[in-house]
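Colleague: So the protein sequences, as listed, match chains V and C.
When you line the first sequence up against the UniProt record's numbering, it's residues 1 to 205, in that order.
When you line the second sequence up against the UniProt record's numbering, it's residues 1 to 205, in that order.
Built from N, CA and C at the ideal position, the CB exists for glycine as well.
Questions regarding the structure given below will be posed in turn.
2 protein chains.
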Amino acid sequence: MNIPERTIERLSIYYRHLYYLAQQGTFNISSRSLASIVGEKPETIRKDLSYFGSFGKTGSGYVVNDLKREIAKILGLEQGRRVAIVGMGNLGLALVGYKGFEMLGFKIAAVFDNSLNKIGKKYRGRLCHNIADFSRIARQEGIEMVILTVPTEAAQEITKLVTGSGIKALLNFAPVHLNVPKDVRVTNVDLATALKSLSFFVSRR
Amino acid sequence: MNIPERTIERLSIYYRHLYYLAQQGTFNISSRSLASIVGEKPETIRKDLSYFGSFGKTGSGYVVNDLKREIAKILGLEQGRRVAIVGMGNLGLALVGYKGFEMLGFKIAAVFDNSLNKIGKKYRGRLCHNIADFSRIARQEGIEMVILTVPTEAAQEITKLVTGSGIKALLNFAPVHLNVPKDVRVTNVDLATALKSLSFFVSRR
DNA sequence: GCATAATAGTGAAAACATTCACAAATGAAT
DNA sequence: ATTCATTTGTGAATGTTTTCACTATTATGC
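Structure, rendered in structure tokens:
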């Protein structure tokens, strides 16, 4: 069966809210209530979950902790994935300090740059490595995913280096389309694009 | 006619690449070449454009500058929209310095925070205002869109303040679903979610 | 224990988005 | 001038995602 991409995105969102709910001690939740929290429709949530199994109980809904665990399993969050950030500019720096990542089971295990000003310095307790050493250190640290916050001009070249070292998942903040081998997954986060899309809706009001 | 949401997102991406192409002096481009640059199919590009008119010329493709201008018109980028950033934490700070915004016709006209440590300070040349004065300053500065980089706990409350001042477009970085009046548009950028979605694809390899 | 309300799960229908495939127009080459 | 290659724009076909609507199950109140 083919699982819609949007389903995966939504599962991530459900996960986060289940995390909050668990924290504040909520035991049970119906698809209806969860829907109103996450801003979706109840049937969307039920359908999304149905791709992976059936986790609820007719009449009373879902057990928050169980559902949270199931989604973690689906998304592969249980193993505490190890992530590297490449590019210690403003954005990279902001992301090293972003609590959301660690909270959800990601471990920022290494950071890289190519500038001599930055290599050897510590950023929130993490030693900045020379990007030239990526391959060795990535292996050593068990890096599985890379967050790319390098300047646009450098993005493609560094992508080549990184995928050449066996990385199969990239979160790319540079506003370019990266050419990668077929088995590598890229997710683009394009801040200016998000803003431009919004602008369209401002215009047509 | 109903324009697909993805079409709008893609137009933004086309726009940026047309901008680059224009800068480097490219005069003409076919849907085929543009497609390979932006990572889409040629017919997707043509279909996307067809919702708004017909801008190409059979046999020779599109004039880069003209198409760029047309898309700018569609997305409402021509008027140099004025944007405020609310929340001068790490992420807000990184975004004030993000060149992509200004380059594409957005003007970061004001920044806000609620902390006395930050109010009155300058961030990349912009005076940080007290969030309590939002309404007045937004009117004064002609703010149309807000980038929200406040802590999760504060996001809903500040959204209320901001929409209460007549703002109709929000780019939200806080990982919550914001409740807003029907005529307000919210785009969520959720960094941890993007990473989690990627994680799924790492798992299933 | 029974009636009523709440709720999950899910095929089927509807809505939405992409891709195909081709006609018509243009450009280039000779 | 004619042929051939290129390319757009677009209906139609296909594929994908969401929503509907219903069944079956569980919980609750009396």
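1) Using the C-alpha atoms, what's the distance from E141 of chain V back to V202 of chain C?
2) Residues in its own chain within less than 8 angstroms of I45 of chain C by CB, not counting five upstream and five downstream?
3) Buried or exposed for G166 of chain V, going by 16 or more other Cβ atoms inside 10 Å?
4) By the three-class DSSP mapping on this structure, what secondary structure does L127 of chain C have?
5) What does the alpha-carbon distance come out to for the pair R137 of chain V and G87 of chain V?
6) Using a threshold of 9 angstroms, state whether the C-beta atoms of Y62 of chain C and V96 of chain C are closer than that.
7) For a quick check, are the C-beta atoms of T149 of chain C and L91 of chain C less than 9 angstroms apart?
8) Excluding the five sequence neighbours on either side, which residues of its own chain have a C-beta within less than 6 angstroms of the C-beta of P42 of chain C, listed in chain order?
9) Look at the alpha carbon of R16 of chain V and the alpha carbon of E102 of chain C, and state the distance between them as a whole number of angstroms.
10) Is the CB of R185 of chain V under 9 angstroms away from at least one CB in chain C?
11) Quick one: list the residues of chain C neighbouring Y15 of chain V, beta-carbon separation under 8 angstroms, in chain order.
12) Please list the terminal residues of the continuous alpha helix (DSSP H) segment that includes L148 of chain V.
13) Which same chain residues, not among the five before or five after K107 of chain C, have their C-beta less than 6 angstroms away from its C-beta?
14) If T159 of chain C sits next to V180 of chain C, beta carbons under 8 angstroms apart, how far is it from one beta carbon to the other, in whole angstroms?
15) Less than 8 angstroms between the CB atoms is what I'm expecting for L171 of chain V and L195 of chain C, so what's the real figure, rounded?
16) List, in order along the chain, the chain C residues whose C-beta lies closer than 9 angstroms to that of M145 of chain V?
17) Under the three-state reduction of DSSP, which class applies to Y62 of chain C: helix, strand or coil?
18) Check whether the Cβ atoms of L75 of chain V and S115 of chain V lie closer than 9 angstroms to each other.
19) State yes or no: is the beta carbon of M103 of chain C nearer than 9 angstroms to at least one beta carbon in chain V?
20) Counting only C-beta atoms, is F112 of chain V closer than 9 angstroms to chain C at any point?
21) Using a Cβ-Cβ cut-off of 6 angstroms (strictly less than) and excluding sequence neighbours within five positions of G56 of chain V, which residues of its own chain qualify?
22) Taking only the alpha-carbon atoms, compute the straight-line gap between S60 of chain C and Q23 of chain C and give it to the nearest angstrom.
23) Which of the residues in the stretch 49-83 of chain C, read from start to end, lie with their CB under 8 angstroms from any CB of chain V?
24) Within the same chain, show all residues whose beta-carbon is closer than 7 angstroms to that of S135 of chain V, passing over the 5 residues directly before and after it, in chain order.
25) At the level of alpha carbons, what is the spacing between V176 of chain C and L67 of chain V?
26) Interface residues of chain C around N90 of chain V at Cβ under 8 angstroms?
27) For L21 of chain C, go through chain V and note every residue whose CB falls closer than 9 angstroms to its CB, in chain order.
28) Identify the continuous alpha helix (DSSP H) that holds T163 of chain V and give its terminal residues.
29) Along chain C, which residues have their Cβ under 9 angstroms away from the Cβ of F106 of chain V?
Modeller: From the atom records:
1) Locating residue 202 of chain C in the second sequence gives position 202, counting from the first residue. Locating residue 141 of chain V in the first sequence gives position 141, counting from the first residue. Their backbone Cα atoms lie some 17 angstroms apart in a straight line.
2) Looking up residue 45 of chain C in the second sequence gives position 45. Answer for I45 of chain C: R10, Y14, S31, L34, A35 and V38, listed in chain order.
3) Here the question's residue 166 of chain V lines up with position 166 in the first sequence. Using a 10 angstroms sphere on the CB of G166 of chain V, the tally of other CB atoms stays under 16, which defines it as exposed.
4) As a working mapping, residue 127 of chain C is identified with position 127 in the second sequence. In the structure shown, L127 of chain C falls within a strand segment according to DSSP collapsed to helix, strand and coil.
5) On the first sequence, position 137 is the one that residue 137 of chain V refers to. On the first sequence, position 87 is the one that residue 87 of chain V refers to. Checking the displayed sequence, the identity of residue 137 of chain V turns out to be Ile instead of Arg. Straight-line Cα distance between these residues: approximately 15 angstroms.
6) If you number the second sequence from 1, residue 62 of chain C lands on position 62. If you number the second sequence from 1, residue 96 of chain C lands on position 96. With contacts defined by Cβ atoms closer than 9 angstroms, Y62 of chain C and V96 of chain C do not form a contacting pair.
7) If you number the second sequence from 1, residue 149 of chain C lands on position 149. If you number the second sequence from 1, residue 91 of chain C lands on position 91. Yes, they are a contact pair.
8) In the second sequence, counting from the first residue as 1, residue 42 of chain C sits at position 42. Counting only Cβ-Cβ distances below 6 angstroms, and skipping sequence neighbours, we find S31, R32 and A35.
9) For the purposes of this step, residue 16 of chain V is taken as residue 16 along the first sequence, with counting starting at 1. For the purposes of this step, residue 102 of chain C is taken as residue 102 along the second sequence, with counting starting at 1. Inter-residue distance for R16 of chain V and E102 of chain C is about 32 angstroms (C-alpha atoms, whole angstroms).
10) The count along the first sequence starts at 1 and reaches residue 185 of chain V at position 185. Answer yes: the Cβ-Cβ gap between R185 of chain V and chain C drops below 9 angstroms somewhere.
11) Locating residue 15 of chain V in the first sequence gives position 15, where the first residue counts as 1. Chain C residues near Y15 of chain V: K196.
12) On the first sequence, position 148 is the one that residue 148 of chain V refers to. Counted as a single uninterrupted DSSP element, the stretch harbouring L148 of chain V is not any alpha helix (DSSP H) but the beta strand (DSSP E) occupying residues M145 to L148.
13) By one-based count along the second sequence, residue 107 of chain C stands at place 107. G80 and R82.
14) Translated into positions along the second sequence, residue 159 of chain C becomes position 159. Translated into positions along the second sequence, residue 180 of chain C becomes position 180. Correct: roughly 6 angstroms between the Cβ atoms.
15) One-based indexing of the first sequence puts residue 171 of chain V at position 171. One-based indexing of the second sequence puts residue 195 of chain C at position 195. Rounded to whole angstroms, the Cβ separation of L171 of chain V and L195 of chain C is 6 angstroms, and the two are in contact under 8 angstroms.
16) Position 145 of the first sequence holds residue 145 of chain V. Residues of chain C passing the Cβ test: L195, L198, S199 and V202.
17) Along the second sequence, one-based indexing puts residue 62 of chain C at 62. Here DSSP, grouped into helix, strand and coil, assigns Y62 of chain C to strand.
18) Here residue 75 of chain V is taken as the residue at index 75 of the first sequence, counted from 1. Here residue 115 of chain V is taken as the residue at index 115 of the first sequence, counted from 1. Contact: no.
19) The residue labelled residue 103 of chain C in the question sits at position 103 within the second sequence. Put simply, the CB of M103 of chain C is near chain V, with a gap under 9 angstroms to one of its CB atoms.
20) By 1-based counting over the first sequence, the position of residue 112 of chain V is 112. F112 of chain V does not count as touching chain C.
21) Taking the first sequence and counting its residues from 1, the one referred to as residue 56 of chain V is at position 56. So the qualifying residues of the chain are Y62.
22) Residue numbering aside, residue 60 of chain C sits at position 60 when the second sequence is read from its first letter. Residue numbering aside, residue 23 of chain C sits at position 23 when the second sequence is read from its first letter. Whole-angstrom Cα-Cα distance: 20 angstroms.
23) For chain V, the residues of the stretch 49-83 of chain C that bring a beta carbon within less than 8 angstroms of one of its beta carbons are I74, L75, G76, L77, R81 and V83, in chain order.
24) Within the first sequence, residue 135 of chain V is the residue found at index 135, counting from 1. The answer, listed in chain order, is S165.
25) In the second sequence, the residue the question calls residue 176 of chain C occupies position 176. In the first sequence, the residue the question calls residue 67 of chain V occupies position 67. If I take the Cα positions, the gap works out to 19 angstroms.
26) Within the first sequence, numbered from 1, the residue matching residue 90 of chain V stands at position 90. L93, A94, G97 and Y98, listed in chain order.
27) Looking up residue 21 of chain C in the second sequence gives position 21. Those within 9 angstroms of L21 of chain C in chain V number zero; the least Cβ separation is about 13 angstroms.
28) Counted from its first residue, the first sequence places residue 163 of chain V at position 163. Note, T163 of chain V: alpha helix (DSSP H), T152 to G164.
29) Position 106 of the first sequence, counted from the first residue, corresponds to residue 106 of chain V. Think of a sphere of 9 angstroms around the beta carbon of F106 of chain V: the chain C residues whose beta carbon falls inside it are A192, L195, K196 and S199, in chain order.
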